[in-house]
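Below is one structure; the comments refer to it alone.
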Amino acid sequence: MSLDAPARDAHRTEAAKRLREAGLVITADEEASIEIVELGLNDFERQGLAILVYVNTDRCCAKELVLWTRQTCPEHRHPPVGDDPGKEETFRCRWGSVYLYVEGEPLAAPACQPPAGDGAYTVWHEIYLRPGDQYTIPPNTLHWFQAGPSGAVISEFSTRSTDEYDVFTDKRIRRASTRR
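Residue numbers (my numbering): 2 to 181.
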């Protein structure tokens with residue numbers, strides 16, 4: 002069961018509040034356009050995120066990602082689409098903190114626990130981002146991320162975003178987003 006309209010509106014309002022707390026100025030139209038990404042798991046506050054897209058053209062994309070306390074965006078990759086090698090993205094933490102897990106040498110004792118098991122989380126190279134820290138993820142690289150204890154606001158700068166083609170490790174996930 003997906004979130005009903007009042008719950009989506011409440012999450013959108015909360016996301017806008019967190020963006021403003023991070024010092025970002027957003028318009029009423031931008032607030033209304035915030036996507037509440039549910040992932041089809043009926044567990045938004047643990048697995049999901051809110052996204053404000055500023056621009057997404059054939060060449061570039063700029064977004065704000067908002068995560069609640071310990072909320073996780075599950076493991077996925079941005080595969081090639083046609084002649085495009087896949088999305089390259091840079092995460093810059095603006096507020097709170099975020100643990101980013103990417104392909105590479107796994108950490109023996111990671112700081113985060115994923116909200117689901119069953120092999121849905123396979124990469125454990127940990128990158129910890131605080132305000133002002135950033136990290137660039139190459140195209141087609143498995144990654145997942147989880148907010149710290151206060152939540153997180155992350156600016157994402159990337160090549161063209163084609164989120165509808167994202168490949169999630171957890172096959173139950175269906176990329177479902179709602180604006181209204």
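Don't be surprised by glycine CBs; every beta carbon is placed ideally from N, CA and C. Note that the structure is predicted; figures quoted are calculated from it, not measured.
Proximity to residue i [Cα-Cα], best of the options
| i | options | result |
| --- | --- | --- |
| Leu-50 | Tyr-166, Cys-74, Gly-120 and Trp-96 | Cys-74 |
| Asp-136 | Ala-148, Val-26, Ser-151 and Tyr-100 | In the sequence on display, residue 136 carries Tyr and not Asp. The option with the nearest alpha carbon to Tyr-136 is Tyr-100. |
| Lys-18 | Leu-53, Ala-112 and Arg-131 | Leu-53 |
| Arg-60 | Asp-167, Ala-29 and Thr-163 | Thr-163 |
| Asp-171 | Gln-72, Ala-11, Arg-78 and Leu-68 | Arg-78 |
| Gly-24 | Trp-96, Ala-109 and Gly-133 | Trp-96 |
| Ile-27 | Thr-14, Lys-88, Gly-149 and Val-38 | Thr-14 |
| Glu-22 | Asp-167, Phe-169 and Gly-152 | Gly-152 |
| Cys-113 | Ala-63, Lys-64 and Pro-150 | Pro-150 |
| Leu-143 | Pro-80, Thr-91, Arg-176 and Pro-111 | Pro-80 |
| Glu-245 | Lys-64, Gln-48, Thr-58 and Asn-57 | Here the chain has residues from 2 to 181 only, and residue 245 is not among them. |
| Asn-141 | Lys-88, Arg-93, Leu-68 and Asp-10 | Lys-88 |
| Glu-165 | Ala-109, Val-38 and Thr-91 | Val-38 |
| Ala-16 | Arg-47, Phe-169, Leu-68 and Pro-132 | Leu-68 |
| Arg-47 | Pro-116, Asp-30 and Val-56 | Pro-116 |
| Arg-176 | Asn-43, His-12 and Val-56 | Asn-43 |
| Ser-98 | Pro-132, Ala-110 and Ala-109 | Pro-132 |
| Leu-130 | Cys-94, Ala-11, Pro-111 and Phe-146 | Cys-94 |
Three-state secondary structure (DSSP) of residue i
| i | result |
| --- | --- |
| Ser-162 | coil |
| Asp-85 | strand |
| Gln-147 | strand |
| Arg-131 | coil |
| Ser-178 | Note that Ser-178 has pLDDT 48, beneath the 50 cutoff, so the model's placement of it is unreliable and the number below is only indicative. Looking at Ser-178 - three-state DSSP - the assignment turns out to be strand. |
| Glu-157 | strand |
| Gly-120 | coil |
| Leu-4 | coil |
| Glu-90 | strand |
| Arg-173 | coil |
| Thr-142 | coil |
| Leu-108 | coil |
| Trp-96 | strand |
Whether residue i touches residue j by CB criterion (9 Å)
| i | j | result |
| --- | --- | --- |
| Gly-41 | Ile-174 | yes |
| Leu-20 | Phe-45 | no |
| Arg-71 | Ala-148 | yes |
| Phe-76 | Ala-121 | Looking at the sequence shown, residue 76 is not Phe but Glu. Cβ distance < 9 Å, so Glu-76 and Ala-121 count as in contact. |
| Val-168 | Leu-66 | no |
Does the count of Cβ pairs from the stretch 96 to 108 and the stretch 119 to 139 closer than 8 Å reach three? yes
Determine contact between the stretch 76 to 88 and the stretch 147 to 158, defined as no fewer than three beta-carbon pairs at a distance below 8 Å. no
In chain order, each beta strand (DSSP E) run of at least 3 residues that lies wholly inside the stretch 7 to 81: 36 to 38, 50 to 57, 62 to 68 and 73 to 78
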